[in-house]
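Number 771 in this note's numbering belongs to position 121 of the sequence shown; there are no gaps in the numbering. Input: a single structure, listed below in structure tokens.
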Amino acid sequence: MTSFDTSPQLNVWRALLALAVVFVMLTTSGWTALRHHPTATALQTSLSSWEHGRLAGHGLPDPGASPGRLSRFFASLSDAQRAALARRYPLAVGNMNGAPVTLRYRANRLALAEAVRTERARMHDSRLTPAGQHEAGRRMHRFEAMGSPERQILAFDPEGSGRVAEVFGDLDRAQRISVIVPGVDTDLLTFQRTSRRWSAPVGMAEALYAAERAESPATRTAVIAWADYTSPDGLGIDSATGLRAENGAVRLNALLRALPGRSPAAPVALFCHSYGSVVCGVAAHAMPRRVADIAVAGSPGMRVEKAAQLRTGARVWAMRDPDDWVRDVPYLELGGLGHGEDPVSRAFGARVLAARQARGHGGYFEPGTDSLRNFAHIGVGAYPSVVCAREGDACRTGLSAATPVGRA
651 MTSFDTSPQL
661 NVWRALLALA
671 VVFVMLTTSG
681 WTALRHHPTA
691 TALQTSLSSW
701 EHGRLAGHGL
711 PDPGASPGRL
721 SRFFASLSDA
731 QRAALARRYP
741 LAVGNMNGAP
751 VTLRYRANRL
761 ALAEAVRTER
771 ARMHDSRLTP
781 AGQHEAGRRM
791 HRFEAMGSPE
801 RQILAFDPEG
811 SGRVAEVFGD
821 LDRAQRISVI
831 VPGVDTDLLT
841 FQRTSRRWSA
851 PVGMAEALYA
861 AERAESPATR
871 TAVIAWADYT
881 SPDGLGIDSA
891 TGLRAENGAV
901 RLNALLRALP
911 GRSPAAPVAL
921 FCHSYGSVVC
931 GVAAHAMPRR
941 VADIAVAGSP
951 GMRVEKAAQL
961 RTGARVWAMR
971 DPDDWVRDVP
981 YLELGGLGHG
991 EDPVSRAFGA
1001 RVLAARQARG
1011 HGGYFEPGTD
1021 SLRNFAHIGV
1031 GAYPSVVCAR
1041 EGDACRTGLS
1051 AATPVGRA
């Protein structure tokens, strides 16, 4: 076991907390009076065009309207009209909660094709440094891969480090839906990896989808790799605060309220890794009732001291591999810094799951691990099959495999 006093990760975390305190002091003292003049992004431009657009002589609905309102609007259109809107406003439609998911996939393929053209031009832009041209090439290849016809991109924003979400399975017909919320250093370029495949959102979702199908072949499942928020960049100041989590929570709940499925009450399970568990903790109180489970792995905390303070009817699960360095992170919250109690502690009150063989902080979704098997059990509702972290623990108390669809 790594010593609490000598852990390099702990020393880094302490240093970051100290820097964060200095940063907050400087900010509140007026030292960081920076002025920003943001320009419109491609997504904002597409949304603005939508707001001023017309179809068959009529104005288009507010793109920020409720998913139900937007769903009814698209249902009233012909296939040709829906296709025309996707061609005309690909980024707006591709990111519109309430638009049919298959239309969003189509719109995002169009948006990705445009992004490929943009990055290809940047590769040969003499105003960019060689490093900038190389980065453009990496982005171009990533966008080409994501734009393949077989991929189901539910959300895409190329601005900055970017945001993206991808679906595995048939989301419209799913009886149970799983959403993976990743942590720090998640962006368009790290959304999928060749090395350390299972530590990236795409690999996580692929592994979970396969494990759920193996666990319950008769259950129609869908898994979403949800990287549609701006995550902290490494173990910096942002990762020690809840600011990115607060913004991410708004986006996560917008997705959850718009999810389709076999029934409006089809259960949803969230699998929140690392800083993603902070996002899920902040979002929990406002999640729709169809969210039946929130499972966190390698969590630095959920911004509360007890699971009951999440104010959710969902079951709360937690796991941590014995070799995960996050165990040495100070579990505290002081002046907005830190994320509260350790979710696997008895004091927190979550249902604690076994995570043997998870291989450190990034290995919870590796095939063959207890952690992935436990996630799959939860994803398909096979609750009595979960393996608890401690003998005699109460993590299975009150659970039944016959949980009604739509449990609060």
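Ideal Cβ placement from N, Cα and C applies to all residues, glycine included.
DSSP lists 922, 968 as the bridge partner or partners of residue 946. The count of Cβ pairs closer than 8 Å, one atom from the segment 824 to 839 and one from the segment 768 to 781, stays below three, leaving the stretches out of contact.
For residue 747, DSSP records a beta bridge to 749. Take residue 811, set aside five residues on each side of it, and the residues of its chain with a beta-carbon closer than 6 Å to its own are 837, in chain order. Contact between residue 818 and residue 877 is ruled out by a C-beta separation of about 14 Å, above the 8 Å threshold.
When DSSP reads this structure, residue 871 sits in a beta bridge with 826.
Just measuring C-alpha positions, the residue of 711, 988, 1013 sitting nearest residue 888 is 988. Pairwise C-beta distances place the segment 706 to 722 out of contact with the segment 753 to 764, as fewer than three of them are shorter than 8 Å. Fewer than three beta-carbon pairs drawn from the segment 720 to 734 and the segment 761 to 771 are found closer than 8 Å, and the two stretches are therefore not classed as touching. For residue 876, DSSP records a beta bridge to 815.
Residue 898 sits away from residue 852, with the two beta carbons spaced by 9 Å or more. Here the alpha carbons of residue 1024 and residue 1041 stand approximately 16 Å from one another. The Cβ-Cβ distance between residue 816 and residue 796 falls below 9 Å. Distances from the CA of residue 741 to each of 698, 776, 705, 788 were compared; the closest alpha carbon is that of 698. Contact between the segment 852 to 864 and the segment 899 to 909 is not established, with fewer than three Cβ pairs separated by less than 8 Å.
Within 10 angstroms of the beta-carbon of residue 906 lie 16 or more other beta-carbons, which makes it buried.
Boundaries cannot be given for residue 987, as no alpha helix (DSSP H) includes it and DSSP labels it neither H nor E. Remark: C-beta atoms of residue 1028 and residue 921 approach each other more closely than 9 Å.
For residue 1028, the enclosing alpha helix (DSSP H) begins and ends at 1020 to 1030. Per the coordinates, the alpha-carbon of residue 939 lies some 8 Å from the alpha-carbon of residue 915.
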